[in-house]
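Chemist: Quick note: the sequence shown uses the UniProt record's numbering, first residue 1, plus one each step. Each residue gets a CB set at the ideal place from its N, CA and C atoms; glycine is no exception.
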Amino acid sequence: MNSAGRTTSSIQESYNAILDFHFPWSDSSTSPPSFNEPITSQDFSQLTCEEVEGLISNIKPNKAEGIDGLPGEIIKEIFFANRNWFVNLLNYLLKNGIFPPC
């Protein structure tokens, strides 16, 4: 569901709803960046798809959700729906020190 309580109608809309909920951008006049392109920086060691997939594969099914409110199965579905997008998102968040509020 999106922030208006309506069911999303596309994968991209679902991604955006999850981002809006878990990572509210500090400056509401600035839209979040696109995660379709890799983040590049000489000072930042990026996560790879293989590294993230190794971590994602260790998420146990039917376990309680974490403090972020996302069940592990949802995280897996998002990752496997678009691996590159997910890894680019993680790299962006890590590089910029953006973490969801607890």
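#1: N16: which of N91, F99, I78 sits nearest, CA to CA?
#2: Which of the three DSSP states, helix, strand or coil, is assigned to L47?
#3: Between the alpha carbons of D20 and F99, how many angstroms are there, rounded?
#4: Do L47 and N91 have their beta-carbon atoms positioned less than 8 Å apart in this structure?
#5: State the start and end residues of the unbroken alpha helix (DSSP H) segment that holds I74.
Modeler: According to the structure data:
#1: I78
#2: coil
#3: 12 Å
#4: yes
#5: 72-81
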